[in-house]
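Enquirer:
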Amino acid sequence: MRYLAVLCIILSSTLCFTNAGKYKCGPQVKKHNCDCKDKNAGLLKLADDGKLLVCDGAGWKALQYEIPFGSRTNPGSSCKDIRTTQTMRLMQQCVSSLLCDMAGGGGIRVDQGAFDAYNSGDTYDESDKAALDVTKSDRDYKNRIVLNWNNFDKSEARVVLYTGGNQVKELKFDAVGSDKLNWFTNEKLQAGSSWFADIQAGPRNYFSIQGDGGINRDFFINKNYGGCEADAGWLVITGTVCEWEKRHPSNTILYSKQDVSANWDSGEVEAADTLVVYLR
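Here the numbering used here runs 177 ahead of the position in the sequence shown, where the first position is 1.
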């Protein structure tokens with residue numbers, strides 16, 4: 178309101194003079210031919226292109242009276258909205274700072290962590306930007322969009338694995354009409370995803386966020402069981418049952434390095450630093 182009050186004072190007192198005599202330039206700002214000199218500093222005029230100009234005593238300058246779109250005080254409606262308009266990468270929603278993944282098409286990062294954290298009614302480190310670091314594997318991040326998943330007009334969810342800050346695998350899902358759990362299924366997996374052809378060819382005994390809850394294997398896409406030495410699949414956040422998962426700390430993210438499934442006890446399996454869910 179302070180800026181509005183100042184603007185009204187300027188508009189109501191704007192007068193200038195030309196060789197022809199007194200020329201009224203206000204209170205409505207219009208096009209005019211008044212010179213910008215020291216004595217006219219603060220004078221306003223309307224340019225041919227519709228911009229509002231102000232005299233600073235040396236020349237006419239465009240007056241920025243709109244808050245930039247995509248800023249904290251004028252946020253976009255979504256990350257995709259901001260990306261399309263090619264403005265700032267920060268969106269503020271529900272007083273939380275969210276990470277926009279512009280390279281991935283304007284998605285919102287909503288979660289980094291295992292099933293218990295993901296499915297709980299809590300948020301984790303929502304306001305801590307350090308928790309957004311994809312090179313860190315020692316903390317969970319989750320914002321309230323997961324809690325309010327059904328309230329968003331979402332179109333796509335992505336699961337991205339990172340190692341050393343680099344994306345190593347990506348899964349894309351049709352998120353239309355989904356809830357926070359049922360989007361992660363074979364039926365919603367989209368072409369172009371890592372392992373897509375091999376997963377579709379099957380067989381599969383698990384494909385869900387809940388995974389094999391009895392032994393705490395989450396975000397689990399598995400091909401078959403057959404004793405620990407024969408277990409094979411594409412992605413898992415580990416439990417502590419078999420030797421191939423006991424070699425790692427609990428909740429380690431393991432994935433097949435190949436374009437096909439891998440035996441979990443083989444050298445074709447790698448551990449990722451982070452698993453991140455994006456929503457748009």
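Here a beta-carbon is modelled for each residue, glycine too, at the ideal position from N, C-alpha and C.
(1) Within 10 Å of its beta-carbon, does R335 have 16 or more other beta-carbons around it, so buried, or fewer, so exposed?
(2) Just to confirm before moving on: does the CB-CB distance between L452 and L324 stay below 8 Å?
(3) Under 7 Å Cβ to Cβ from Y332, same chain only, skipping five residues before and after it: list those, please.
(4) May I ask which residues mark the beginning and end of the alpha helix (DSSP H) holding I376?
(5) Can you name, in chain order, every residue of its own chain whose Cβ lies under 6 Å from the Cβ of D437, other than the five neighbours on each side?
(6) For D450, list the residues DSSP reports as bridge partners.
(7) Would you decide whether E364 is buried or exposed? Buried here means 16 or more other CB atoms lie within 10 Å of its CB.
(8) From Y295 to A235, what distance separates their C-alpha atoms?
(9) Please state whether DSSP places I322 in a helix, a strand or coil.
(10) What are the partner residues of Q344, as DSSP defines its beta bridges?
(11) Let's see if you can read the secondary structure: which residues bound the beta strand (DSSP E) around F459?
(12) Let me check understanding here. Comparing Cα to Cα, which of I386, N210, Y402, E445 lies closest to V454?
(13) Tell me whether D226 is buried or exposed, calling it buried when 16 or more other Cβ atoms sit within 10 Å of its Cβ.
(14) Would DSSP call A239 helix, strand or coil?
(15) What does the alpha-carbon distance come out to for the pair K146 and W326?
(16) So what does DSSP say about L223, is it helix, strand or coil?
(17) Quick check on DSSP: helix, strand or coil for C211?
(18) State yes or no: is the C-beta of T417 within less than 8 Å of the C-beta of F384?
(19) Taking only the alpha-carbon atoms, compute the straight-line gap between Q205 and L229 and give it to the nearest angstrom.
Expert: Let me spell this out:
(1) For the purposes of this step, residue 335 is taken as the residue at position 158 of the sequence shown. Buried, because 16 or more other Cβ atoms sit within 10 Å of the Cβ of R335.
(2) The residue you call residue 452 lines up with position 275 of the sequence shown. The residue you call residue 324 lines up with position 147 of the sequence shown. No.
(3) Translated into the one-based positions of the sequence shown, residue 332 becomes position 155. For the sequence presented, residue 332 should be read as Ser rather than Tyr. Setting aside the 5 residues that flank it on each side, S332 is surrounded in the same chain by A352, V353, R457, each with a C-beta closer than 7 Å to its C-beta; the list follows chain order.
(4) The residue you call residue 376 lines up with position 199 of the sequence shown. Its alpha helix (DSSP H) spans residues 373-378.
(5) If you number the sequence shown from 1, residue 437 lands on position 260. Looking at the sequence itself, residue 437 is Val, so the reference to Asp does not match. Excluding positions up to five away in sequence, the list reads D375.
(6) In the sequence shown, the residue the question calls residue 450 occupies position 273. Looking at the DSSP assignment, D450 forms no beta bridge with any residue, so it has no partner.
(7) The count along the sequence shown starts at 1 and reaches residue 364 at position 187. Label assigned to E364: exposed.
(8) Here residue 295 corresponds to residue number 118 of the sequence shown, with the count starting at 1. Here residue 235 corresponds to residue number 58 of the sequence shown, with the count starting at 1. Looking at the two C-alpha atoms, the distance is approximately 58 Å.
(9) Along the sequence shown, read from residue 1 onward, the residue named residue 322 stands at position 145. In this structure, I322 counts as coil in the three-state DSSP scheme.
(10) Stepping through the sequence shown from its first residue, residue 344 is reached at position 167. Q344 is bridged to Y339.
(11) Residue 459 lies beyond the range of the chain shown here (178 to 457); nothing can be said about it.
(12) Along the sequence shown, one-based indexing puts residue 454 at 277. If we check each option's Cα against that of V454, I386 comes out closest.
(13) Sequence index remark: in the sequence shown, residue 226 carries index 49 (1-based). The residue in question, D226, is exposed, as its Cβ has fewer than 16 Cβ neighbours within 10 Å.
(14) Position 62 of the sequence shown, counted from the first residue, corresponds to residue 239. Note: A239 maps to strand in three-state DSSP.
(15) Residue 146 lies beyond the residue range present for the chain, which begins at 178 and ends at 457; the question has no answer from this structure.
(16) Taking the first residue of the sequence shown as position 1, residue 223 is located at position 46. Residue state, collapsed to three classes: strand.
(17) Locating residue 211 in the sequence shown gives position 34, counting from the first residue. C211: coil per DSSP, three-state reduction.
(18) What you label residue 417 is simply residue 240 of the sequence shown in a count that begins at 1. What you label residue 384 is simply residue 207 of the sequence shown in a count that begins at 1. Going by C-beta atoms, T417 is not nearer than 8 Å to F384.
(19) Locating residue 205 in the sequence shown gives position 28, where the first residue counts as 1. Locating residue 229 in the sequence shown gives position 52, where the first residue counts as 1. Cα-Cα distance, rounded: 12 Å.
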